[in-house]
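The sequence shown maps to residues 644 to 1060 in my numbering.
One structure is given here, and the rest of the page talks about it.
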Amino acid sequence: YFKRDADELESWINEKLQTASDESYRDPTNLQAKIQKHQAFEAEVAAHSNAIVHLDQIGYEMINQQHFATDVIRHRLDELHRLWELLLSKLADKGLKLQQALVLVQFQRQCDEVMFWIKDKEQLVATDEIGQDLEHVELLQRKFDEFQKDMASQESRIVDVNEQADQLIRDQHPELELVVKRKDELNESWQRLRQLTLLRQEKLFGAHEIQRFNRDANETIAWITEKDVVLSSDDYGRDLVSVQTLQRKHEGIERDLAALSDKVDTLGQEAHRLCGIHEDLADQTRAKHSEIVSTWEQLKSKALDRRRRLDESYLLHQFLADFRDLISWVHDMKAIISADELAKDVAGAEALLERHQEHWGEIDARADSFRVSGEAGHRLLEQNISRDEVNEKLIQLSNEKQSLTALWEDRRILYEQ
């Protein structure tokens, strides 16, 4: 029976040695199932350990009874124990290798997932898109902020993968070189992503500054254009009152322009600063600043021209108003002088002459008004303002004054006779 049982046990051990010696752990598929199968295999071997214990009992009993085949029995038992220990060793080794393979697969899966995430996000942060306007830039910034939150949460996964790698390195994993390589690749990709993130952050910050400048510039240009429409009016007043109203309105515009001048100066300083720190967008910034300066200079020129024209219009209408007042006064004075009737006696004649002399006092008192009006008219002629009309009024004013003086002189002679 001993030989039969020993042959059966040896055959069983050799069969199990083949199973324990296979390298199924090298194929990373279905590792969990392989580990479960191996655990069942280990349980089967452990359950079979009583077979060798039973053989030991029989064999040593035969040896103790000084069986004639004692040496053969002893040799057979030693060989079975060697095979059994070999089986246990192979089992332990295969179990270890399966666990190592599983840990490596889990490590590589983690690496692959993080690397996939990094590659996907690299496309996001490597883009050159910086927005067409302020609203677009702010939309891109919000997306980037969300990405940064996502990146912060991913950092813990990077730490976990590195800790797994370090543990595998400490454990002297059979695939040590692969582990080190994957760890280095992951960390290099992560650092590259961080660098791209910083560059993207700087680009978006710069784009936001540029687009904010563009928005302020466009608002300023729109404001200039709005004022340009007002200053392009060819209404310079129809009379003295309307001219004065337009002058007051223009003074309000000039106050607005003074405030706008500060805005233009500020934008100029900002353009200079932006060109210094965002050289890639300097041409665009300089072009926008040139547009501001050009429209601003045109507006200032128009404002000065309108101020000049309103001042000229004021001088003209002031002259015309004075002219009308003087002509009306001349006509009134002529009517008064002509209304006096001849005296019928000496006392009446003396009273008439005295009153007539008073009329001359009024005429003489108006001399300065005629002089001032005449000087104003000649200044208008020098500036070529409504030349024909002004010249006509000056002649008419001179004639009316001479006519009044002649009338007064004729009446004086008549009264003295």
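By construction, the Cβ of each residue, glycine as well, lies at the ideal position given by its N, Cα and C atoms.
Only residues of its own chain outside the window of five on either side were considered, and among them His1002, Glu1005, Ile1006, Leu1047 have a CB closer than 8 Å to the CB of Met976, listed in chain order. In this structure, the beta-carbon distance from Val804 to Leu829 falls below 9 Å.
In this structure, the straight-line span from the alpha carbon of Glu852 to that of Trp833 is close to 29 Å. When secondary structure is reduced to three states using DSSP, Ser937 falls in the helix class. Taken through DSSP and simplified to helix, strand or coil, Asn1027 comes out as coil. Judged by DSSP secondary structure, Ser732 falls within the alpha helix (DSSP H) whose first and last residues are 713-768. According to the DSSP assignment, Leu874 belongs to the alpha helix (DSSP H) that extends over 819-874.
Taken through DSSP and simplified to helix, strand or coil, Asp988 comes out as coil.
Its chain contains Ala649, Leu652, Glu653, Ile656, Ile695, Leu698 as the residues whose beta carbon lies nearer than 8 Å to that of Leu723, once the 5 sequence neighbours on both sides are disregarded; these appear in chain order. When the beta-carbon positions are compared, Ser1012 and Asp965 come within less than 9 Å of each other. A contact between stretches requires three or more CB pairs, one per stretch, nearer than 8 Å, and the segment 900-911 meets this requirement with the segment 852-870.
When DSSP states are grouped into helix, strand and coil, Ile773 belongs to the coil group. Within the same chain, and ignoring the five residues on either side of Gly1017 in sequence, the residues whose Cβ sits closer than 8 Å to its Cβ are Leu1037, Leu1040, Ser1041.
The Cβ atoms of Gly738 and Arg719 lie no closer than 9 Å to each other. Here Val886 is near Leu953, since their CB atoms are less than 9 Å apart. Straight-line measurement puts the Cα of Gln791 at about 27 Å from the Cα of Asn857.
If you look at His816, you'll find it isn't in any alpha helix (DSSP H); DSSP assigns it neither H nor E. Taking C-alpha positions only, Phe645 is separated from Lys680 by approximately 32 Å. Taking a 10 Å sphere around the C-beta of Glu704, we find fewer than 16 other C-beta atoms and assign the residue as exposed. Closest option to Asp988, judged by alpha-carbon separation, among Gln1060, Val822, Gln766, Leu959: Gln1060.
Burial state of Leu782 is exposed, judged by a 10 Å Cβ sphere holding fewer than 16 other Cβ atoms. In its chain, beyond the 5 residues on either side, Ile970, Val973 have a beta carbon closer than 7 Å to the beta carbon of Glu1043. Pairwise C-beta distances place the segment 831-848 out of contact with the segment 910-917, as fewer than three of them are shorter than 8 Å.
Taking Thr713 as the centre and dropping the five residues before and after it, the same chain places the C-beta of Ile706 closer than 6 Å to its C-beta, in chain order. Per the Cβ contact rule, the segment 771-782 is not in contact with the segment 793-801 (fewer than 3 Cβ pairs under 8 Å). Nearest to Ser876 by alpha-carbon distance, out of Ile1028, Leu1050, His893, Ser933, is His893. Contact between Glu687 and Leu734 fails: their C-beta atoms lie close to 10 Å from each other, not under 8 Å. In this structure, Leu741 lies away from Leu821, with their beta-carbon atoms at least 9 Å apart.
For the pair of segments examined, the segment 841-855 was found not to touch the segment 897-904: the number of CB pairs separated by less than 8 Å stays below three.
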